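One structure is given below, encoded as C-alpha cells.
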Amino acid sequence: MTEKLPSDLDYSTAAEQSSEEDEAQEGNTLEADLHAVDAVEHSAMHIVDENAEPDFEGLLDELEAAADPEADAVVDDALDIDSAEEADAAAEATNDESTDAAAETEAADVDPYDEFKLELRMKAGKWYVVHSYAGFEKRVKQNIENRKISMNMEESIYEVQVPMEDVVEIKNGQRKLVTRVRIPSYVLVRMDLNEDSWSVVRHTPGVTGFVGNAHNPTPLRFDEAFQMLKSTVQIAEAPAKAGGSKGGGLAARVIPAEIDFEVGETITIKEGSFAGLPGTINEIKPESGKLIVLVSLFERETPVELSFDQVTKL
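Residues in the sequence shown are numbered consecutively from 2, following the working numbering.
Put into C-alpha cells, the structure is as follows:
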C-alpha cells in the first residue's frame, strides 16, 4: 500500500475541485464543437461538381411561372394597347416625341445670327463710322458709293450701310408702322483705311467727319459692328412654341412701339364715359396699349384705364 506524500496531497476544497473538473470537461466540449464546425465548412468549401451545367431551361421555366398575365393586361388597358403591333407603335411614338423634343431644344440653342456673324467676320476691310447731317444719311450713302466708282476706289471702299429699323409709332392714339434710320446722323463704311480712301469718304458732300481721331479714325470692334448691322439682315424666324401645330408656324416678329406719350402729360379723353374731360397720364403700358389716366371727378383724382386711341394730345 502506497502512502501519499505531503507533496501529492490536494488541499483544495471539494467545491474548488468540482469547479476545475467542470471547466476541464467544458473546455473539451468546446474544442470538440470547433473541430466539428471546421470539418463541416471544409467539406462545404470543397464539394464542387465539375460536371454540373447551368440549368437555363429551369431558369426560363421559373421566369415564365413568375409572369403575371393579369397584371400585364391591366397595364395594357391603362395604355389602351390591345396587340403587340399597338405596343410597338406606342413605343415608336414615344421615341418620336423624345426625338422631337430634342430637336426643339437643339433649335432653341441655335443663334439665328450665326451665319451672318460668320459672313461678317469673313468680309474684307474694317467698319468705320462717319458723321453726317441729320436726315441726309441715305443721300450720304449714295454719294460715297458714287464717288468710290468715279474715283476707282472699289478695291479699298467695299460697302456703305445706313441701318434701318421698323417701329410702330403711336400718335394721337393711332398706330402706324414706319421704317426709320436706326442710328440718326451716322453712316457705316467698310473699307481699308489709307490716305486715298480716307480722302474720298471725308470729302463726300454731307459728311462732317469720322468718329474718333479726325485723320486716324478708330474702326468698330466686331461686337459693335454686329450690333449696328444686325437690323440689315433678314433671318429665319423661330417656330412658335405655343398654340401652334406640330408643323409649327412662324412666330410673329416683335416690332418695337414708339409711343408719343409721356408720364405727367395732359391729354383729352375723346371716347368713353369720360369723353371731353382732361386728364393726366399717370402710367403707360406699351405691351397692352393702355394708359392709366388721372381724371378729376368731384374734386378728387380718379385713375381710369384707357387705350391709346381713346385719348388725344392737347
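Every residue gets a Cβ at the ideal spot worked out from N, C-alpha and C, and that includes glycine. Owing to the predicted nature of the structure, the values given are computational and were not obtained by experimental measurement.
| said: I need the boundaries of the alpha helix (DSSP H) containing lysine 124, first residue and last residue. | reply: No alpha helix (DSSP H) contains lysine 124, which DSSP labels as neither H nor E.
| request: With DSSP as the reference, label glutamate 24 as helix, strand or coil. | output: Any reading at glutamate 24 must be qualified, since the residue scores a pLDDT of 48, below 50, and its modelled position is unreliable; no value is offered.
| query | Taking just the CA atoms, how far does alanine 226 sit from valine 234? | reply | 13 Å
| query | So what does DSSP say about proline 113, is it helix, strand or coil? | reply | coil
| field | Residue closest to glutamate 160, alpha-carbon to alpha-carbon, out of Arg176, Pro185, Thr269 and Tyr129 | value | Tyr129
| Which of the three DSSP states, helix, strand or coil, is assigned to threonine 233? | helix
| field | Which of helix, strand or coil DSSP assigns to glycine 213 | value | strand
| request: Taking isoleucine 184 as the reference, give the member of Glu116, His132 and Leu315 with the closest Cα. | output: His132
| request: Would you mind reading off the limits of the alpha helix (DSSP H) that contains glutamate 1? | output: Here the chain covers residues 2 to 315 and nothing more, so residue 1 does not appear.
| Buried/exposed call for arginine 191, threshold 16 Cβ in 10 Å | buried
| message | Excluding the 5 residues flanking leucine 315 on each side, which residues of the same chain have their C-beta closer than 7 Å to its C-beta? | response | Thr267, Ile268 and Thr269
| query | Is the CB-CB distance between threonine 219 and isoleucine 145 below 8 Å? | reply | no
| task | Label glutamate 305 either buried or exposed according to how many other C-beta atoms from any shown protein chain fall within 10 Å of its C-beta, with 16 as the threshold for buried. | result | Just to set this straight, residue 305 is valine in the shown sequence, not glutamate. Buried: at least 16 other Cβ atoms inside 10 Å.
| Comparing alpha-carbon positions, which option in Val208, Gly280, Ser232 and Gln162 lies nearest glutamate 300? | Gly280
| task | Sort Gly277, Gln228 and Phe309 by Cα distance to glutamate 263 and report the nearest one. | result | Phe309
| Start and end residues, alpha helix (DSSP H) containing lysine 139 | 138–151
| task | From the DSSP output, in three-state form, read off aspartate 261 for me. | result | coil
| said: Could you give the first and the last residue of the continuous beta strand (DSSP E) run that contains lysine 314? | reply: 312–314
| message | Suppose the cutoff is 8 Å on Cβ atoms and the five residues either side in sequence are ignored; what does the same chain contact list for aspartate 112 look like? | response | Lys118
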